[in-house]
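Each protein sequence line maps, in turn, to chains A and B. 38 is the number of the first residue of the first sequence in our numbering; add one for each residue after it. 4 is the number of the first residue of the second sequence in our numbering; add one for each residue after it. Glycine is no exception: its CB is placed at the ideal position from the N, C-alpha and C atoms.
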Amino acid sequence: MSAARLRHPLAVLAAALLVLPFAMRAIGMTDGVATEIAIFGLVGLGFNLLLGYTGLVSFGHGAFFGLAAYAAALLQIDILPGHVLVPIVFGTLFAAALGLLIGFLALRRRGVYFSLLTLAFTAMIFSIVFRWTAFTGGENGLRGMTRVSLLGLVGIEDQRRFYYVTAGIVLLAAWALWRVVHSPLGRVLQAIRENERRARFLGYPVQRYKLIAFTLSAAVTGLGGCLFAFLKVFVSADLVHVAFSGEILAMSIVGGMGHFLGPPLGGAFFILFREILSEYTAAWQFWFGLLFMAFILFSPSGLIGLGSRLLAPLRRHREEEAAMAARVTPRPRQEVPAFLRGARRAEGALLECRQVTKRFGDFTAVDRVDLALADRRLHALIGPNGAGKTTLFNVVSGMYPSEGGQLLLAGQRLDGLPPERVVAHGLARSFQITNLFPALTVEENLRLGAQARDPRRFDAWRPYTSLATVREETRALVEFLGLEGLEGVPVSSLSYGGQRLLELGLALSARPCVLLLDEPLAGLAAAERERITALVRGLTEHMAVLLVEHDIDRVFAFADRITVMNEGRVVVDGPCAEVREHPKVHEVYLGRGRDVLFADAARAAPTRGGAAVLRVAGIDTYYGKSHILHEVSLEVRAGEVVGLLGRNGAGKSSTLKSVMGLVAPARGRIEFAGRELGGHTPEQIARHGIGLVPQGRRLFPNLTVAENLELGRLRRRAGDGIRWEAERIFEFFPRIRERLGSKAETLSGGEQQMVAIARALSGNLKLLLLDEPFEGLAPAVRETIFVSLDRLRREVPILIVEHDLDLVLALADRVYVLDRGRITHEGPAAPLRADREMRRQVLWV
Amino acid sequence: MEIAKHVGFGPAVALSPVAVALLGILFERFILRRFYSADPILSLLVTFGLALVAEQAIRMIWGAAPLPASMPQALKGSVVLGDFLFSRYRLLLLALVALVLTGIWLLLNKTPFGLIVRAGTRDPEMVRALGIALSPILTAVFALGVGLAGLAGVMSAPLAGVQPAMGTEILTAAFVIVVIGGLGSFWGVVYAGLLVGVVRGLTVLFYPPAAEASMYALMVLVLLVRPRGLMGEKFERFE
Numbered sequence: 038m039s040a041a042r043l044r045h046p047l048a049v050l051a052a053a054l055l056v057l058p059f060a061m062r063a064i065g066m067t068d069g070v071a072t073e074i075a076i077f078g079l080v081g082l083g084f085n086l087l088l089g090y091t092g093l094v095s096f097g098h099g100a101f102f103g104l105a106a107y108a109a110a111l112l113q114i115d116i117l118p119g120h121v122l123v124p125i126v127f128g129t130l131f132a133a134a135l136g137l138l139i140g141f142l143a144l145r146r147r148g149v150y151f152s153l154l155t156l157a158f159t160a161m162i163f164s165i166v167f168r169w170t171a172f173t174g175g176e177n178g179l180r181g182m183t184r185v186s187l188l189g190l191v192g193i194e195d196q197r198r199f200y201y202v203t204a205g206i207v208l209l210a211a212w213a214l215w216r217v218v219h220s221p222l223g224r225v226l227q228a229i230r231e232n233e234r235r236a237r238f239l240g241y242p243v244q245r246y247k248l249i250a251f252t253l254s255a256a257v258t259g260l261g262g263c264l265f266a267f268l269k270v271f272v273s274a275d276l277v278h279v280a281f282s283g284e285i286l287a288m289s290i291v292g293g294m295g296h297f298l299g300p301p302l303g304g305a306f307f308i309l310f311r312e313i314l315s316e317y318t319a320a321w322q323f324w325f326g327l328l329f330m331a332f333i334l335f336s337p338s339g340l341i342g343l344g345s346r347l348l349a350p351l352r353r354h355r356e357e358e359a360a361m362a363a364r365v366t367p368r369p370r371q372e373v374p375a376f377l378r379g380a381r382r383a384e385g386a387l388l389e390c391r392q393v394t395k396r397f398g399d400f401t402a403v404d405r406v407d408l409a410l411a412d413r414r415l416h417a418l419i420g421p422n423g424a425g426k427t428t429l430f431n432v433v434s435g436m437y438p439s440e441g442g443q444l445l446l447a448g449q450r451l452d453g454l455p456p457e458r459v460v461a462h463g464l465a466r467s468f469q470i471t472n473l474f475p476a477l478t479v480e481e482n483l484r485l486g487a488q489a490r491d492p493r494r495f496d497a498w499r500p501y502t503s504l505a506t507v508r509e510e511t512r513a514l515v516e517f518l519g520l521e522g523l524e525g526v527p528v529s530s531l532s533y534g535g536q537r538l539l540e541l542g543l544a545l546s547a548r549p550c551v552l553l554l555d556e557p558l559a560g561l562a563a564a565e566r567e568r569i570t571a572l573v574r575g576l577t578e579h580m581a582v583l584l585v586e587h588d589i590d591r592v593f594a595f596a597d598r599i600t601v602m603n604e605g606r607v608v609v610d611g612p613c614a615e616v617r618e619h620p621k622v623h624e625v626y627l628g629r630g631r632d633v634l635f636a637d638a639a640r641a642a643p644t645r646g647g648a649a650v651l652r653v654a655g656i657d658t659y660y661g662k663s664h665i666l667h668e669v670s671l672e673v674r675a676g677e678v679v680g681l682l683g684r685n686g687a688g689k690s691s692t693l694k695s696v697m698g699l700v701a702p703a704r705g706r707i708e709f710a711g712r713e714l715g716g717h718t719p720e721q722i723a724r725h726g727i728g729l730v731p732q733g734r735r736l737f738p739n740l741t742v743a744e745n746l747e748l749g750r751l752r753r754r755a756g757d758g759i760r761w762e763a764e765r766i767f768e769f770f771p772r773i774r775e776r777l778g779s780k781a782e783t784l785s786g787g788e789q790q791m792v793a794i795a796r797a798l799s800g801n802l803k804l805l806l807l808d809e810p811f812e813g814l815a816p817a818v819r820e821t822i823f824v825s826l827d828r829l830r831r832e833v834p835i836l837i838v839e840h841d842l843d844l845v846l847a848l849a850d851r852v853y854v855l856d857r858g859r860i861t862h863e864g865p866a867a868p869l870r871a872d873r874e875m876r877r878q879v880l881w882v
Numbered sequence: 004m005e006i007a008k009h010v011g012f013g014p015a016v017a018l019s020p021v022a023v024a025l026l027g028i029l030f031e032r033f034i035l036r037r038f039y040s041a042d043p044i045l046s047l048l049v050t051f052g053l054a055l056v057a058e059q060a061i062r063m064i065w066g067a068a069p070l071p072a073s074m075p076q077a078l079k080g081s082v083v084l085g086d087f088l089f090s091r092y093r094l095l096l097l098a099l100v101a102l103v104l105t106g107i108w109l110l111l112n113k114t115p116f117g118l119i120v121r122a123g124t125r126d127p128e129m130v131r132a133l134g135i136a137l138s139p140i141l142t143a144v145f146a147l148g149v150g151l152a153g154l155a156g157v158m159s160a161p162l163a164g165v166q167p168a169m170g171t172e173i174l175t176a177a178f179v180i181v182v183i184g185g186l187g188s189f190w191g192v193v194y195a196g197l198l199v200g201v202v203r204g205l206t207v208l209f210y211p212p213a214a215e216a217s218m219y220a221l222m223v224l225v226l227l228v229r230p231r232g233l234m235g236e237k238f239e240r241f242e
């Protein structure tokens, strides 16, 4: 036999089970203990299907164990005396039915809530069992069970005999579980554990899968319970106690939930621990509890995790191979795989949005949008921040229901369908922030996408490798994306470029006829952008592609049709060349170019700034692996307003966040009022005198205006910056006085903006950071805010990020322009304000 | 009980919650804090582990048998109000609960501490951007919760007895009430607690064996009809 065969978990388990009674005898334990170990091993395996593979923590499995035991016992005592096998089968089925019921109820919630619900259900079942003494015997238990023979063939009264029967059953169940884990269904469970939402967007109805896993897990646990009942020839309420559920959980985690044999190892460990330590102290559970906590704190992967860490030096070369592989640059092919070439050739629009609307409270994110996507066309959706592009994507792909309007794909209504059904109709999407299955390999990620369409995706028995079509499609996709050699690499180890490529690939694996790409080029270097652009162009020959992208140069180079959105509405929709020169589009991006009516037209000379208040020198900032800012340097001097301009995704907000300490720069220095800010926490930086008015205002919605202001001044009383008292604030923003007692969530956009600015002014302030203060505000309100900010310039230096060029150029003295994370222009605002041509040069394509 | 033996019931009511709260602070500071940014399920597991360990520790120190918990002489007996007979101790309990509820309400709504807590549940990042450090606040919140649990334990001792498993029993009841009332809602929990109490009381009157199960039945109903709880807020991290 090959070495790999020998290491197969089932072989190891079989060998262990064979040897166990002898090993137990050797250390002075009985065959009864050996049987208990086998049973707990089984329970661990069943529990781990839910915990390790699906990622669901249940505190309720004690109920299945105990109730199955009761069911078996009662059947034997009252109805079928002498039988053993039938009660066991009955008990197991009973546990499965119970699992289905409890699972259905508890899975209506997720995460922590779900786990606590399972706890509540177990407690409920325990209280019923405990009190219903007529039926269950309460804590005295039921007597009258017998264990004589199995089907009249094998005598099992003898401990040793019963052990081998149990071991046989355990091995059989383990084999069945092994098959489940390696079946298409089992692979989906792991996907759910890694990223439940993405699994839905690949087309999997995840609730159903979770329920199946829960039921199976309950059944296996129940089987263990029945065997235990016959081991002890006795059942009592103790079996159903919550504490026992906790012990099952503890066993599994101590053993190691990441490995098939982890929990059985944990079970064996638990029982041996109990047997050996209880000879020395009655408080062995105390020590086991401590051990459990120690494992969670230091080695969540359990004993098996410890073991593999010890063996790590032997495996190092394999890890190095994987790491090297992850540094290889994928090179996509030109030829689109056969399975992606749609046979469908639709005339007219393939995807249609008619008057699609989406509101969040009283904020209209998408306002009666009409969009028509033709087959085999590349259609781009562009627009400034807050235009509603991603929201539109979310509505189309099923993440949010639309409120009014219709969505049609090849004539079929899509509105109101959940994501998995939308995918089934042939619409797939990629995500702006990489949304993959991190612990799974590259190949597995793609395979899951292909498998979602296979009729055998609920199969729990057949090995997943037997799905030939899925295998072929995955292979074709791997080649197309240029990811050969990287198939076995876990996705979390891939480079950022590789991950973005895989993100695209995952959307393709659903074999869409309409592909939605959300900023596929975000954060990529130039060469990678080239490659992905070429890939997308190739794909357009076979399917309809709608993409959101901020790299406008590229969009104008390769799109067929462009829709421009602004503030939730469609501004322009037409062929590429037409949109590029359209005056309305220029207006949206570059402003009108004439002086904003309410600005002080007589302000000829910009304020010459004084000493530098803020100095940012060469910072590099990353979000995870995405390199957002490249050596950004800027300065804000006393008495001036500095504008930070640039298109979406350029890194403007990230710059403000880096200054505020909300995202720590990886390199570079930030100096403020003579102090180095490196390593300081945001709260410290705020107390030094930097006030942030973030994008979207971020008032505390559940608190009143007065309370929001109070929070602004609470910990910022000390310091030598400006600090506005309540009277001063009311004088500046009279509206605030009127709304003092109202909850922030009831305020209009303009009122919220005033409160947000006032909140920053309430405490020690030496530099004001404003992130898109005019976003979402009506023109009249913009005027009010503009005037206020203009007056503020005399009191405190301001660094403002704003994409409305007319407004920000009228306000600022100097500006910096950011493009793809780099400063590309720096200078006074006046020339840009006056000269529209210059604006075009500096800010447009 | 240990403290009561030395100083009498009254001071014990004040001191034991404080002692427990101190333990809570240690736990939060050194263990729980590590899991704030991790999967919430790990926080759950580690506190669960603590419950296991604590129960066993109690067994080790004080033994597994229930301890006699005597009510102080002054609080025994009953009081007649109109047509109703109330036990003195239970009246005291009611008064204490009302006091605690008022105290917490005042703390949450009228103090800066409460202000920070209410803001922090919605937008912890913004709270920090306003110069307010959240860590000490979180420790204090945890200690407060722990202290209240301790107070509940002390007060329920004369009624329900003192035994090692009393922690787990009340935990499930507490959780059921939170599910019914809704996560994140002060008044939701108050109403739910009252509702559960009333339903339980009525069930005891008409069909005693089902008394305990009645609150679970209520929970199942709420889950089916209004999963977020009667007055709960949306907390994406937990849903």
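CA-to-CA distance, residue j to residue i, given in whole angstroms
{"i": "R652/A", "j": "Y626/A", "result": "29 Å"}
{"i": "L552/A", "j": "L387/A", "result": "11 Å"}
{"i": "V192/B", "j": "I183/B", "result": "8 Å"}
{"i": "N685/A", "j": "L880/A", "result": "12 Å"}
{"i": "A797/A", "j": "G728/A", "result": "5 Å"}
{"i": "E747/A", "j": "H717/A", "result": "24 Å"}
{"i": "R752/A", "j": "L110/B", "result": "18 Å"}
Three-state secondary structure (DSSP) of residue i
{"i": "D412/A", "result": "coil"}
{"i": "R674/A", "result": "strand"}
{"i": "P602/A", "result": "It should be noted that the sequence gives Met, not Pro, for residue 602/A. Looking at M602/A - three-state DSSP - the assignment turns out to be strand."}
{"i": "H579/A", "result": "coil"}
{"i": "C263/A", "result": "helix"}
Min CB distance residue i to chain A below 7 Å
{"i": "L47/B", "result": "yes"}
{"i": "R125/B", "result": "yes"}
{"i": "M63/B", "result": "yes"}
{"i": "T175/B", "result": "yes"}
{"i": "V56/B", "result": "yes"}
{"i": "Y219/B", "result": "yes"}
Residue-chain proximity (residue i, chain D), Cβ-Cβ < 7 Å
{"i": "E720/A", "result": "As a matter of chain content, chain D is missing from the structure shown, whose protein chains are A and B."}
Minimum Cβ-Cβ distance from residue i to chain B less than 7 Å
{"i": "R145/A", "result": "yes"}
{"i": "Q732/A", "result": "no"}
{"i": "M436/A", "result": "no"}
{"i": "I285/A", "result": "no"}
{"i": "S164/A", "result": "yes"}
{"i": "A402/A", "result": "no"}
Could you run through the segment 129-156 of chain B and flag, in chain order, every residue whose CB is less than 9 Å away from some CB of chain A? Flagged, chain order: M129, V130, R131, A132, L133, G134, I135, A136 and L137.
Could you run through the segment 788-821 of chain A and flag, in chain order, every residue whose CB is less than 7 Å away from some CB of chain B? Within the segment 788-821 of chain A, the qualifying residues are G800.
Between the segment 738-768 of chain A and chain B, which residues of the former have CB atoms less than 7 Å from a CB of the latter, in chain order? Answer set for the segment 738-768 of chain A: P738, N739, L740, E744, E747, L748, G749, L751, R752 and R753.
Go through the segment 57-110 of chain A residue by residue and report every complete run of the alpha helix (DSSP H) that reaches 4 residues or more, in order. Those alpha helix (DSSP H) runs which fall completely within the segment 57-110 of chain A and span 4+ residues are 68-85.
Report the start-end ranges of each alpha helix (DSSP H) in the segment 771-840 of chain A that is 4 residues or longer and not cut off at the edges. Taking 4 residues as the minimum length, the alpha helix (DSSP H) runs contained wholly in the segment 771-840 of chain A are 771-775, 786-798 and 816-829, in order along the chain.
Listed from N- to C-terminal order along the chain, which residues in the segment 9-39 of chain B have their beta-carbon within a distance smaller than 8 Å of any beta-carbon of chain A? Close to chain A, meaning a Cβ-Cβ distance shorter than 8 Å, are the following residues of the segment 9-39 of chain B: I34 and R37.
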